[in-house]
Amino acid sequence: MTLSSYELTKEIDYLFASHFFCNKPQMRRLLSYLVRHCEDDSEVAFDQRAIAIECLGRSDDFDPAENPVVRIEIGRLRRILNRFYEEEVSRSIRISIPLGQYRPVIEEQFIDSDRGYLPELAANDAKPECLSLLVQFATQGEESAALYLLRHQMRIGLTIDIGKIHGVRLLVALPNEEGKVGDSIDFVMRVVVSATGNGFQVSSSILQGDAEQVLFEHSEALAVDYDHQVIGRLLHHWVSDYFDPQVGQLWSLWLELRRGSDSGENIPLHAMFQYHQFQAQANKQNFEKAMFTVADAVKRHPGDRLLGFALADLYYREMIHGFDVSQEPLRDGIRHVREALRFDPGNASLHTLLASMTFFSKEYDIARMELEAIKDCDDTGYSFSFQRAVLQCLMGEWQAGIKRIALIVDQFGRFPAIYPALEYIYVLLVNDQSAIDRCREKVRQHHCESVVHQCLHFMEFSRFKSDIAMVAVDKEAFSARVRQHLEQ
312 MTLSSYELTK EIDYLFASHF FCNKPQMRRL LSYLVRHCED DSEVAFDQRA IAIECLGRSD
372 DFDPAENPVV RIEIGRLRRI LNRFYEEEVS RSIRISIPLG QYRPVIEEQF IDSDRGYLPE
432 LAANDAKPEC LSLLVQFATQ GEESAALYLL RHQMRIGLTI DIGKIHGVRL LVALPNEEGK
492 VGDSIDFVMR VVVSATGNGF QVSSSILQGD AEQVLFEHSE ALAVDYDHQV IGRLLHHWVS
552 DYFDPQVGQL WSLWLELRRG SDSGENIPLH AMFQYHQFQA QANKQNFEKA MFTVADAVKR
612 HPGDRLLGFA LADLYYREMI HGFDVSQEPL RDGIRHVREA LRFDPGNASL HTLLASMTFF
672 SKEYDIARME LEAIKDCDDT GYSFSFQRAV LQCLMGEWQA GIKRIALIVD QFGRFPAIYP
732 ALEYIYVLLV NDQSAIDRCR EKVRQHHCES VVHQCLHFME FSRFKSDIAM VAVDKEAFSA
792 RVRQHLEQ
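First residue of the sequence shown? That's 312 in my numbering, and the numbers climb one at a time after it.
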């Protein structure tokens with residue numbers, strides 16, 4: 312081994328800062344001991360009894376013939392090292408423990424600096440109905456434990472947040488024998504973490520497949536003593552801005568990618584294509600196509616979580632928009648959401664949809680029970696948070712709900728048709744004369760008059776809270792006033 316002690320120490324520090332070792336003090340002690348004695352001429356330090364006494368806290372009378380703890384712990388360490396280097400493929404140093412021995416092997420690895428960002432892919436089951444995403448991480452500047460931990464926090468946070476988005480499929484990159492790039496990648500997300508003079512810089516960029524042109528990008532500076540919650544909010548924003556089914560910028564591009572392959576033969580793909588086409592242009596014609604194809608796909612693929620969620624969402628939107636396509640959308644919608652929850656019981660979005668649908672059917676206690684069940688769920692993603700705020704407004708808690716919606720809309724600059732409708736109703740409720748005409752024009756501009764009428768139909772007027780006191784609102788009189796003003 313020709314590595315300097317400085318290079319080896321840096322690698323050990325990097326290992327110990329990773330999530331594989333940071334909470335495993337015994338594994339750290341064991342690896343430090345083995346590496347320290349790696350170049351010893353004798354095998355004394357690698358005797359099971361010596362390892363047990365020096366690293367594992369065993370007494371001098373330890374007998375390896377009766378206690379297999381050393382073999383077990385070395386096996387654990389071997390697996391952890393293998394997993395670390397499977398994930399950290401770009402390390403210039405690799406530490407391993409071959410089977411059948413306890414002396415580690417430390418070797419330098421050649422890193423091809425000319426290889427492209429997009430690795431070769433092993434074959435895996437195609438799911439063209441999903442948006443396929445490859446996430447790549449890189450660090451720039453001098454390596455440190457703080458930089459690695461930031462990168463790790465972002466990697467875990469992104470994986471969790473993207474995993475909550477319906478219809479996005481994270482790919483794992485592995486080399487194949489043919490040396491070809493897999494053609495199932497729709498988009499690549501590059502995340503770069505770098506150290507600066509007074510903190511860190513984190514950035515994300517989106518590319519299409521193996522192209523090098525950047526489609527979208529975000530960048531943020533972090534102080535050296537950054538609050539970990541800041542990372543969470545930043546990742547939530549990235550994920551919603553790129554991937555959220557309602558406002559995510561990549562879905563229109565996904566539709567273009569799938570347009571040529573959507574022949575109708577692949578039923579799940581055809582169904583999700585029509586669903587996202589409706590999300591992009593929420594009119595009755597697109598809704599009819601989406602409802603027919605998704606409902607048919609659910610019948611043909613019972614238990615499919617993605618299709619089940621899409622159909623549940625469509626029933627909700629039929630009620631909100633008043634499209635009047637299904638014979639019994641409220642009854643059938645509640646029945647379907649409950650069926651979908653059988654296959655995906657932990658899905659907070661489905662519980663929110665069920666709360667909304669039962670609220671529409673005036674089963675207020677059930678609606679509040681569903682919301683109570685998910686009150687502790689992280690709802691910082693766009694669609695989930697927006698939908699809960701809508702229900703909050705319709706249940707009468709307008710001040711909190713409309714403020715929450717306004718913050719979400721301000722953050723992303725994009726919104727579904729229900730926002731202008733709710734904003735218009737709210738300014739009429741509080742009699743804000745300075746905003747009434749402006750909000751009416753926004754309703755007309757976004758063609759959401761029918762949404763206004765649907766919201767009036769479902770609103771729980773008895774619980775409306777004004778800015779100064781609880782106010783009883785006569786539903787018939789207020790609805791008549793809204794209709795009259797809207798028609799002026």
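All residues carry an ideal CB built from backbone N, CA and C; glycine is no exception.
A quick note: this is a predicted structure, and the numbers were derived from the prediction, not measured.
Cβ distance (whole Å) where residue i is taken to contact residue j below 8 Å
i    : j    : result
L444 : D497 : 7 Å
A621 : A582 : 7 Å
C333 : I417 : About 21 Å; that fails the 8 Å criterion.
L618 : V609 : 5 Å
E365 : Y344 : 6 Å
S401 : Q451 : Not really, about 12 Å apart at Cβ, beyond 8 Å.
Q447 : I542 : About 18 Å; that fails the 8 Å criterion.
From the options, residue whose alpha carbon lies closest to that of residue i
i    : options                : result
M668 : C333, Y693, D655, Q698 : Q698
R792 : V479, V763, D372       : V763
W549 : V609, Y693, Q420, I677 : Y693
I517 : V504, V499, E531, G510 : V499
H647 : C366, V636, Y626       : Y626
L702 : L664, E531, Q722, R725 : L664
Q590 : I467, P727, Q540, Q638 : P727
F695 : E419, P415, H477       : H477
F671 : R642, R369, A684       : R642
L392 : I383, E384, I406       : I406
Q800 : G614, I747, Q592       : Residue 800 is absent from the structure shown; the chain starts at 312 and stops at 799.
A534 : E674, G510, P556       : G510
Q592 : L618, L481, R628       : R628
S316 : V636, L342, V346       : V346
S761 : A684, I729, Q744, F448 : I729
R340 : D352, E354, D351, V381 : V381
E576 : F723, T604, V558       : T604
F723 : P415, F395, I685, Q557 : Q557
G508 : D536, S495, R501       : D536
S495 : A651, R569, R611, Q464 : R569
G614 : F654, D538, Q765       : F654
Q596 : D607, R611, G633       : G633
D351 : G368, L652, P415, R369 : P415
Beta-carbon contacts of residue i that lie in its chain and below 6 Å, excluding the five residues immediately before and after
i    : result
M706 : E771
L546 : G468, L469, D472
E440 : P579, L580, M583
E322 : I404
R480 : K438, C441, S443
F769 : F671, L705
M781 : Reliability fails at M781, whose pLDDT of 44 lies under 50, so the model's placement of it is uncertain and no value is given.
Q585 : K600, A601, T604
Limits of the unbroken beta strand (DSSP E) element including residue i
i    : result
Q451 : 442 to 451
L526 : 525 to 534
S514 : 510 to 519
E479 : Position check: residue 479 holds Val in this sequence, whereas Glu was assumed. Looking at the DSSP string, the run of the beta strand (DSSP E) that includes V479 is 479 to 481.
I404 : 404 to 407
I417 : 416 to 419
Spatial neighbours of residue i in its chain, beta-carbon cut-off 8 Å, leaving aside the 5 residues before and after
i    : result
D778 : Bear in mind that the predicted position of D778 carries a pLDDT of just 44, short of 50, making it unreliable; the figure below should be weighed with that in mind. If we look at D778 and ignore the five residues flanking it on each side, its Cβ neighbours are Q710, V741.
R387 : M338
V525 : S516, I517, L518
G427 : Here G427 scores only 41 on pLDDT, less than 50, and its place in the model should not be relied on; the value that follows carries that caveat. Excluding sequence neighbours, G427 sits near D521.
E787 : none
Delimiting residues of the alpha helix (DSSP H) encompassing residue i
i    : result
A506 : From DSSP, A506 is part of no alpha helix (DSSP H) but of the beta strand (DSSP E) over 498 to 507.
E787 : 786 to 798
R296 : Residue 296 cannot be examined here, being either before or after the span of the chain that is shown, 312 to 799.
S745 : 744 to 756
S563 : 561 to 570
S495 : Taken as a continuous stretch (DSSP letters only), S495 belongs to no alpha helix (DSSP H), as it is neither H nor E.
V701 : 693 to 705
C366 : 359 to 366
F395 : 380 to 398
N597 : 595 to 611
L618 : 616 to 632
G644 : 640 to 654
M338 : 336 to 347
Close beta carbons around residue i, own chain, < 7 Å, minus the five adjacent residues each side
i    : result
S514 : V503, E528, H529, S530
Q560 : F527, D552, Y553
D425 : Bear in mind that a pLDDT of 46 at D425, under 50, signals an unreliable position, so the number given afterwards is only what the model happens to contain. Excluding residues within five positions, none has a Cβ falling inside 7 Å.
D324 : A456
E489 : Confidence at E489 is low in this model, with a pLDDT of 46, below 50, so its placement is unreliable and the value that follows should be read with caution. Nothing listed; no residue qualifies.
Query raised in the report: Do the stretch 719 to 738 and the stretch 746 to 764 meet, that is, are 3 or more Cβ pairs less than 8 Å apart?
Result: yes
Query raised in the report: So does the stretch 555 to 566 actually touch the stretch 600 to 610, counting three or more Cβ pairs closer than 8 Å?
Result: no
Report task. Spell out a yes or no on whether the stretch 397 to 415 and the stretch 536 to 551 are touching, meaning 3 or more CB-CB pairs, one atom from each, closer than 8 Å. Result -> no
Requested in this report: Inspect the CB distances between the stretch 373 to 382 and the stretch 352 to 363 and report whether three or more fall short of 8 Å.
Outcome: yes
Query - Segment contact, 8 Å Cβ cut-off, at least three pairs: the stretch 326 to 346 with the stretch 456 to 468 - result: yes
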